[in-house]
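Peer 1: These protein sequence lines map, in sequence, to chains Y and X. For the record, in the first sequence the residue sitting at position 35 is 35 according to our numbering, with numbers rising by one throughout. Start counting at 1 in the second sequence, then tack on 178, and there's your number in our numbering. Heads up, the beta-carbon is just placed ideally off N, CA and C, and yes, glycines get one too. Here you go, one structure.
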Amino acid sequence: MRRCDKLIDKGRRQFLGTGAIATVGAAATACAPTAQADANRATHAGGAVLSYPRVRLANMAELKLNEPHNVNYPDEAAPGVLLKLGQPVMGGAGPDGDVVGFSVLCPHQGYPLSYHAEDRSFNCPGHYSRFDAEAGGQQIWGQATQNLPQYLLRVDDKGDIYAEGVDELLYGRLSNTL
Amino acid sequence: MAFKRHIDRLPIIPASAKKHNVTCPYCIVGCGYHAFTWPVNEEGGKAAGENAMATDLSGQQPLASDAWYSPAMYNLVKQDGRNVHLVVKPDRDCVVNGGLSSARGGRTAENRYSTARQTQQQRLTDPLVWRYGTWQPTGWDDALSLAADVTARIIAEHGEDELFVSMFDHGGSAGGYENTWGTGKLYFEAMKIRHCRIHNRPAYNSEVHASRDMGVGELNNCYEDAELADTIFVAGANSLETQTNYFLNHWVPNLRGASMAKKRAQLPDEPHAPARIVIVDPRRTVTVNACEHEAGAENVLHLQLNSGTDLVLLNALFTYIAAQGWTDSTFIEAHTKEFDKAIKANQMSLNEAASITGLKPDDIRKAAEWIAAPKEGKRRRTMFAYEKGIIWGNDNYSTNAALVNLALATGNVGREGGGCVRLGGHQEGYVRPSDGFIGRPAPYIDDLLIKGKGRVHHVWACDHYKTTLNAAEFKRVYNRRTNIVKEAMDSAIGGTRETLIDAILEATDKGGLFVVNAEIIHSQIGQAAHVILPAAESGEMNLTSMNGERRMRLTERYMDPPGSAKPDCLIAAGVAQAMGRSFAALGQPKLAAKFEGFDWRTEEDAFMDGYHLHAGGGEHVTYDRLRAMGNNGFQEPATGYGDEGIIGTKRLYTDGKFSTDDGRATFMETEWRGLQAPGKKEQKRKFRFLINNGRSNLVWQNAFSDQDNDFVTDRYPYPFIELHPDDMSELGVTKGDLVEVYNDDGATQAMVYPTGTARRGESFMLFGYPTGQQGNVINNGVNELVIPNYKQTWANIRKLAGAPAAVSHLSFKSKEYRPG
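Pasting the structure below:
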């Protein structure tokens, strides 16, 4: 067990310090098989990496340029949107690299964000925070201590858009999957 | 891509976690938080009985939930030598913030020192001494004795005026009553050091001399007054960004009309309406935008005056209000003096004011009506608030006085819904022996250092390199002077302590400066230091402060300081004891005896020696009593102790007795004299852009912690400079470009942030940032009491380079809230 402790400590330093995919609770308390978990991240349960469902959110044909398409991910209680921005952005999916998906609960206090199409920003009526849909959900200005959680998206040959993960903690839950 | 932590699960706080009272270590508002700690191998459960929030966590939590915390509110730290989980989350029962967290305070946990998670690895863990051509870790005895031996020799041979001291005087973070007393007792009691200055200004002086001279202490109301006011008049402050949760939790409810019930209940004999707000600021800020959304644009009057002309506006308001008969003559008669003299001297017509300020006469008239026109025969309640736009602005003394004139004339001091207050930067935490021996004006320390004065400099948590004026010259000279000593120390390597000290003293004969720096990090000025002493900060020690409504709380120690770092008060005690030994060794027993009385073992000992014995009402205040009063504490001054705990004071001056010898507040003559500080008029004539400057929501102070915070440095790898798009076209720059800002006093750099609401020729640059110090281009002109004028600075701008890699992914969209 002593050896396992050391491994945990090393692992914790690596992925908590560098910002790789990490699950703080598991990392700190379990001897986690991080590499295997990462490889099987969507199906493996109980590892250091949270297991996200692969969910078909929409088909490309349903998206209209710069109009939010309401979705829920990773479950029905977690509202979000898909957006087709019309030009490739960092983290964009689909044939044009322009499809993004975000949670629409403000990561400050969970107020529902509204989308301002003109400058492609999400805006919070609670405390005026703003997030940039074209810059990975970066908080333009605001009270949140993290940028807007963005979905990891995959688009298949049929144009079906799947979410397969989230890159930040969602508001209102201490585990992104309940 | 924007920075993401990729944390998708956090440990649940168990019901058994230890819960500590915490006041946010950062801004003046002092929001209440709790620090929860628990063993590293434990976690709470989702069932309500298994977690500290007593909440079922199996589902999505509603908005504004007390049962959610963000990754930035989590860390893994040492407590009594053991790893513990740490969550620092806002306290919804705290009357200050009501459960709100800001983008600064919300990162308190993440900005703690953690070896496990590699956060704040910039923290100092050991004393450092310049040795072998660099800084070497050493023990406290070695470092303290070197600092004390050099200091004592210099004092013995050249007198106390050769010791220069820069020391914080505030609360929060690395401040606090314990620590201001520790340093104060060392430099004002054991010694009488005249050559000292405060953390953010080049002299040991008040930022609000005028208000105090008039008998009006600058923190005289309570935060609830912002909920009760008919009108909020705010000058030179951007409160949404710099007093965030005061604005959100106390101003906004009044602007929205959500405090109407409170108004009717507390002030039943007069009509009420949601508040209107007058904002005096040459820049359109996010505060203006938020107020428009909350109150409706028709209830927000943004007086976008010419930079530096506030005094003219204030005199015009004073003149007009008096001429309309809207002054509170009963109050003026009973509680003030020299009104007639002031009103005569300060005459300013609306038209003349309009021509100088650039405002419309009707807007000035409208402001006067909102401030003072009676409401159905009753006196209108107006809260007057100001901060660095006035304090660091043109003609500080007279402008501050003109604002207090206005508040006194309208009877708005000591009354519900009133007050004439600075909004504040840091929290406060000042208790020291008298500084009366320093004199007035106080010596202009940074200028004296530039002129080669002083031989030893003790620097306590101040970083002149980032936050002083005339910083380019200051750094140039300071580097040269401290290098003389470094070279001397390098030359004496391997010798005895005596030969080392001889070499240092000889170096100071040649203009060298020996520097001792007590700090939490190896700061920019610390790069020039010879002895560096690692300090603890809030959370690593028990620490008391008061906020902007004088609310005093105890932040309990919840984790260990890094390495051997200590509270500043105990470092000061260590310096004092070492100085005593040094003087004794020099055969100076009388001098040695002055350094007795520092035998504190804990910060609580320093608190009891300082605050408890010396602060007004301090006899009623102890750690145990404060601990019991939690995050609401009490409002200073304490007046007693009863069943409900320490009895405080909600507002000052409710009895109409002011802080003057005769108890009457004094009106002042405040005549307009244009740009007052030397060099400003010439600079304005010569250079194209106003380089207005100040804070941003995301960054605390000079980013001493945030410079090691990924979320902040990702957003602002360089300080932003806001420019109008047409100015950008003319300069040939695009968003994110690095530009040089330069004038005859120095140069600095910033990244261009396009800002459609900026006025042509008027830029705004983030102040005090590590990767581009705005102070480099501020000239050395100060007012008659050595208050710097940071805000009125002019320079030219030219492109240095296209957007660097660290900038390429950033958003440069408007910071103003835009509902969908």
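Could you have a look at L489 of chain X and say whether DSSP puts it in helix, strand or coil?
Peer 2: Of the three classes helix, strand and coil, the one that applies to L489 of chain X here is helix, per DSSP.
Peer 1: Please report whether the beta-carbon of I510 of chain X lies at a distance below 8 Å from any beta-carbon of chain Y.
Peer 2: Not closer than 8 Å to any Cβ of chain Y, the Cβ of I510 of chain X fails to qualify, so no.
Peer 1: Per DSSP, G818 of chain X forms a beta bridge with which residues?
Peer 2: Looking at the DSSP assignment, G818 of chain X forms a beta bridge with X:I825.
Peer 1: Quick one: does V255 of chain X have its CB under 8 Å from some CB of chain Y?
Peer 2: By this cut-off, V255 of chain X is not an interface position.
Peer 1: So, with DSSP's three-state summary, where would you put Q314 of chain X?
Peer 2: DSSP places Q314 of chain X in strand when its eight states are reduced to three.
Peer 1: Given this structure, state the Cα-to-Cα distance separating E530 of chain X from I568 of chain X, to the nearest angstrom.
Peer 2: Near 21 Å, if we compare the C-alpha coordinates of I568 of chain X and E530 of chain X.
Peer 1: If you pair each beta-carbon of the segment 830-843 of chain X with each one of the segment 926-945 of chain X, do three or more pairs fall below 8 Å?
Peer 2: Not touching, per the Cβ criterion.
Peer 1: Just reading off the beta strand (DSSP E) that E940 of chain X is part of, what are its end residues?
Peer 2: 940-944 is the extent of the beta strand (DSSP E) around E940 of chain X.
Peer 1: Would you grab the beta carbon distance between Q150 of chain Y and G136 of chain Y for me? Rounded to a whole angstrom, and I think it's under 8 Å.
Peer 2: The pair is a contact, with the Cβ atoms about 6 Å apart (cut-off 8 Å).
Peer 1: Compare the C-beta of A32 of chain Y with all C-beta atoms of chain X and state if any pair is closer than 8 Å.
Peer 2: Summary for A32 of chain Y: the model assigns pLDDT 34, below 50, so the residue's position carries little reliability; its value from the coordinates is reported in the next sentence. Judged by the 8 Å Cβ criterion, A32 of chain Y is not in contact with chain X.
Peer 1: In or out: E734 of chain X buried (at least 16 other Cβ within 10 Å) or exposed?
Peer 2: Classification of E734 of chain X: buried, given that the 10 Å Cβ count is 16 or more.
Peer 1: Measuring alpha carbon to alpha carbon, tell me which residue in X:I628, X:S723, X:V930, X:A520 is nearest E849 of chain X.
Peer 2: Checking every option, the nearest Cα to that of E849 of chain X belongs to X:A520.
Peer 1: Could you tell me whether the Cβ of Y995 of chain X comes closer than 8 Å to any Cβ of chain Y?
Peer 2: Yes, because at least one Cβ of chain Y sits closer than 8 Å to the Cβ of Y995 of chain X.
Peer 1: Just the chain Y side, please: which residues come within less than 7 Å of H212 of chain X by C-beta, in chain order?
Peer 2: Those do not exist, as H212 of chain X stays about 16 Å from chain Y at its closest Cβ, beyond 7 Å.
Peer 1: Say the cut is 7 Å; is the CB of D625 of chain X nearer than that to a heavy atom of the ligand ADP?
Peer 2: In the structure on display, the ligand ADP does not appear, and there are no ligands present to speak of.
Peer 1: Are the beta-carbon atoms belonging to P452 of chain X and L426 of chain X less than 8 Å from one another?
Peer 2: Their beta carbons are not under 8 Å apart, which means P452 of chain X does not touch L426 of chain X by this criterion.
Peer 1: Taking 8 Å as the CB-CB cut-off, is A983 of chain X touching chain Y?
Peer 2: So no, A983 of chain X is outside the interface.
Peer 1: For the beta strand (DSSP E) holding N70 of chain Y, just list the boundary residues, first then last.
Peer 2: From DSSP, the beta strand (DSSP E) with N70 of chain Y extends over 69-72.
Peer 1: May I ask you to verify whether the segment 601-612 of chain X touches the segment 660-671 of chain X, counting CB pairs closer than 8 Å and requiring at least 3?
Peer 2: No, the segment 601-612 of chain X is not in contact with the segment 660-671 of chain X.
Peer 1: Go ahead and label F615 of chain X buried or exposed: buried means 16 or more other beta carbons lie within 10 angstroms of its beta carbon, across all protein chains shown.
Peer 2: Looking at its Cβ environment, which holds fewer than 16 other Cβ atoms inside 10 Å, F615 of chain X is exposed.
Peer 1: Bridge partners of I975 of chain X, per DSSP?
Peer 2: Paired residues: X:V919.
Peer 1: Which residue marks the beginning of the beta strand (DSSP E) containing W216 of chain X, and which one marks its end?
Peer 2: Counting along the chain, the beta strand (DSSP E) containing W216 of chain X begins and ends at 210-217.
Peer 1: Check the Cβ of L178 of chain Y against every Cβ in chain X and list those closer than 9 Å, keeping chain order.
Peer 2: Neighbours of L178 of chain Y on chain X, chain order: K224, L235, S236, G237, Q238.
Peer 1: Please confirm whether V81 of chain Y and G101 of chain Y have their CB atoms less than 8 Å apart.
Peer 2: Yes.
Peer 1: Determine, using beta carbons only, whether R154 of chain Y comes closer than 8 Å to chain X.
Peer 2: It does not; no Cβ of chain X falls within 8 Å.
Peer 1: Could you tell me which chain Y residues have their CB closer than 8 Å to the CB of P249 of chain X, listed as they occur along the chain?
Peer 2: Correct list: V24, T145, Q146, E168, L169.
Peer 1: Could you list the residues in the segment 459-479 of chain X with a C-beta less than 8 Å from some C-beta on chain Y, going in chain order?
Peer 2: If the cut-off is 8 Å between Cβ atoms, the segment 459-479 of chain X has V464, N467, A468, H471 near chain Y.
Peer 1: Go to P431 of chain X, then tell me how far its alpha helix (DSSP H) extends in each direction, as first and last residue.
Peer 2: It spans 430-434 - the alpha helix (DSSP H) in which P431 of chain X sits, taken as one unbroken run.
Peer 1: CA-CA distance, G11 of chain Y and T201 of chain X?
Peer 2: At G11 of chain Y, the pLDDT of 34 sits below 50, so the modelled position is not reliable; the number obtained from the coordinates is stated separately. Approximately 33 Å, taken between the alpha carbons.
Peer 1: May I ask which residues mark the beginning and end of the alpha helix (DSSP H) holding A163 of chain Y?
Peer 2: Run containing A163 of chain Y: none in the alpha helix (DSSP H); it sits in the beta strand (DSSP E), 160-166.
Peer 1: Does any C-beta atom of chain Y lie closer than 8 Å to the C-beta of I703 of chain X?
Peer 2: Answer no: the Cβ-Cβ gap between I703 of chain X and chain Y never drops below 8 Å.
Peer 1: Taking beta-carbon pairs under 7 Å, can you tell me which members of the segment 61-90 of chain Y lie near chain X?
Peer 2: Going along the segment 61-90 of chain Y in chain order, one finds A77, A78, M90 with a Cβ nearer than 7 Å to chain X.
Peer 1: Quick check on Y151 of chain Y - is its C-beta less than 8 Å from some C-beta in chain X?
Peer 2: No, its Cβ sits nowhere closer than 8 Å to a Cβ of chain X.
Peer 1: Residues of chain X with a CB under 8 Å from the CB of A93 of chain Y: which are they?
Peer 2: Under the 8 Å cutoff, chain X gives no residues; its nearest Cβ is about 13 Å from A93 of chain Y.
Peer 1: Which chain X residues sit within Cβ distance under 9 Å of D157 of chain Y?
Peer 2: Ordered by position in chain X, no residue passes the 9 Å Cβ test against D157 of chain Y, which lies about 26 Å from the chain.
Peer 1: Could you tell me the boundaries of the beta strand (DSSP E) in which S344 of chain X lies?
Peer 2: 341-345 is the span of the beta strand (DSSP E), which, as asked, contains S344 of chain X.
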